[in-house]
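Structure first, then comments.
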Amino acid sequence: MAVRGPNPSAVQQAYVLHHYDWSESSLILDLFTRDRGRIAVVAKGAKRPYSQLRAVLLPFQRIQVTLSKPAKSGSAADGEGPEVVTLRGAEWAGGATMPAGAALFSGYYLNELLLKLLARQDPHPALFDAYAQTLPELHASEDAQSQAALRAFELRLLAELGLLPDLSLATTTQAPVLSRQGYAISPDAGVIAGGELDGDLLVQLQAALLHGSGAALRQACLSALPALRSQLRGLLHYHLGQKPLRTRQVMLDVQKLME
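With my numbering, the residue at position 64 of the sequence shown is 62, and numbering never jumps.
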């Protein structure tokens, strides 16, 4: 259920997750903002050749946007709700350059996760910060550091949405997980014995999540990348339901062509 804070500011830190054509000259943007969460925004005139917004409204670039008050509109692109706000202004707020290679696919993968799992008007400031910290960790070559950054973000996303159990406890018994014993993360049963994830690793992951340290979370993920990828993919697919991720399939198809 959407959670709305008291009178959020009209000026927001944001990222463009996706855009849709609205008219010959305008766009509807799906923005991920720090204080309002995911919102739909009309950018009037953004497609015009002389519009200053064209060079600003780019994916993966942190921007500062000025928004109007929400107004009722029946033209939301995906029909998720009637509230659409108008973009009054936008400017670049610093950050890395546009990602390339594998980092570009990984960035679009993160955006697709947010689009499909976040409800509109549901603020997650810690997740916004995690997204901002993850983008610079994605490299053009799909190395271990990039994979650890993706796994860390997936964990943070699931935890923020209340879809991740306490990793330091066996869910059914609430007993602490044991060192040097293998566990799995089941979508419907939580942390269960008998899997590829060591108990010590789960304790480290839970501690990093509670502490809020992205660096510690990425470091813990490095030691078990294949096992984490398999476990988290299963969790995400379960919660996505009938909404498959197109970005991942495109990434796999490109990798096959390059082999």
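Don't be surprised by glycine CBs; every beta carbon is placed ideally from N, CA and C.
Computed from a predicted model, the values in this text were never measured in an experiment.
Three or more C-beta pairs under 8 angstroms: does that hold for the region 178 to 192 against the region 135 to 146?
no
Count the C-beta pairs between the region 30 to 44 and the region 89 to 100 that are closer than 8 angstroms, then say yes if the count reaches three, no if not.
no
For a quick check, are the C-beta atoms of Leu195 and Leu155 less than 8 angstroms apart?
no
Buried or exposed (CB count within 10 angstroms, at least 16 for buried), Pro80
Here the model assigns Pro80 a pLDDT of 47, short of 50, so the residue's position is not dependable and the matter cannot be decided.
For Leu226, which of Asp120, Ala150 and Gln11 has the nearest alpha-carbon?
Ala150
Contiguous beta strand (DSSP E) assignments of at least 3 residues, all confined to the region 8 to 89
9 to 19, 25 to 31, 35 to 41 and 61 to 65
Taking the continuous alpha helix (DSSP H) assigned at Ala130, which residues delimit it?
Pro123 to Thr132
Pick from Ala44, His17, Gln10 and His16: whose alpha carbon is nearest that of Asp33?
Gln10
Starting from Ala191, follow the beta strand (DSSP E) in both directions and report where the run begins and ends.
Gly188 to Ala191
Between the region 164 to 177 and the region 185 to 202, do at least 3 Cβ pairs fall closer than 8 angstroms?
yes
Which listed residue (Ala218, Leu148 and Val14) has its alpha carbon closest to that of Leu230:
Leu148
Using 10 angstroms around the beta-carbon of Glu22, count the other beta-carbons present and answer buried if the total reaches 16, otherwise exposed.
exposed
Look at the Cβ atom of Ala157, then the Cβ atom of Gly212, and state whether they are nearer than 8 angstroms.
no
Any idea if Leu215 is buried or exposed, counting beta-carbon neighbours within 10 angstroms, 16 or more meaning buried?
buried
What separation, rounded to the nearest whole angstrom, lies between the Cα atoms of Leu113 and Val175?
33 angstroms
Compute the Euclidean distance between the alpha carbons of Gly105 and Leu133, then round it to the nearest angstrom.
7 angstroms
On a CA-only basis, which of Val83, Gln204, Gly192 and Leu159 is nearest His237? Give me that one, please.
Leu159
Under the three-state reduction of DSSP, which class applies to Ser184: helix, strand or coil?
strand
DSSP beta-bridge partners for Pro174?
Leu167
Pick out the complete alpha helix (DSSP H) segments inside the region 213 to 246, 4 residues or longer, and give them in chain order.
223 to 238
What are the boundary residues of the alpha helix (DSSP H) that includes Ser144?
Ala142 to Glu158
Here's the rule: buried if 16 or more other CB atoms are within 10 angstroms of the residue's CB, otherwise exposed. What is Leu208?
exposed
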